[in-house]
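Taking mature numbering (1 follows the signal peptide of the UniProt record, and there is no 0), I'd label the letters of the sequence shown as residues -20 to -1, 1 to 197.
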Amino acid sequence: MRSGYLHVVALLSLKGLVSSTPAAHRDATPHASLVPRSPFPNRNVFVPQWEVQAHPDSEKIRLNGTVEEVLKQLRSINPDYDSHFGLDEDDEEAETGLQERQIPGTGTNVLFETVICDNFEKTEQKRINEGVKYLRRIKGRPELSAGPQECGRVSCAYNAAIWWCNDTPHQVVLGSFGVIADGTFAITQKCTKQQYKVSGLAIHEDNWSVGIRYDPC
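If you want it as structure tokens, here you go:
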């Protein structure tokens, strides 16, 4: 575990975009996004896969892309998706639910004890928060390709990106997208400073990480 953390920290000393050969992704759909350039040196980039439902009583399907792209596909399949799954309602959990799970006085989520700030080009926190709301509200389970050194961009809009990286040799499947939102929140709580700009990386105790930074999108 410790060596994985040191490996991630070592990579963070190299800033900027470095092109990597994209890893193959599974179950691609015609709507799948183009694989973005890697913001991490020597890391592969893949398009994240999402196990979701388009209708409340339908079987689960797999869609590829960022949360914004997946949501667009779901709305195309089901024009009433927002009302069926409560996206058109005010959701207090999306706004305040994270605070209840923070370590008192630290602003850091219990499972994200290592948070590194200002290691990437900064972006606007308010745009990151919009991505967090989508991640917390959409129903389903995210899947991350086996690592190490595999990264997927799970949210990107208005040049504000949320990345999810795997430094383990096995696939990572989470119970909900909200866990990624937790990592993002840990970064914004610790790393947001003047002018509401932010970048950083939160390392999960299971050796995968969430990063936020400026990305063209």
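A virtual CB, placed ideally from N, CA and C, is assigned to each residue, including glycine.
Quick caveat: nothing in here was measured; it's all calculated off a predicted structure.
*DSSP state of S125 mapped onto helix, strand, coil*: coil
*Please say whether V25 and L54 have beta carbons closer to each other than 9 Å?*
no
*Pick from W188, V47, V153, P59 that is closest to E130, judged by C-alpha positions*: W188
*Residues that K177 bridges to, as DSSP identifies them*: E104
*What is the rounded straight-line gap between the Cα of L154 and the Cα of K119?*
12 Å
*Terminal residues of the continuous beta strand (DSSP E) containing R193?*
188 to 194
*I183: which of K113, E93, G45, S63 sits nearest, CA to CA?*
E93
_Neighbourhood of Y194 by C-beta, 8 Å cutoff - its chain only, sequence neighbours within 5 removed_ = F100, E101, K102, T103, N139, A140, A141, S179
*chain C within 9 Å of V25, Cβ atoms only*: Protein chain content of the structure displayed is limited to a single chain, and chain C is not contained in it.
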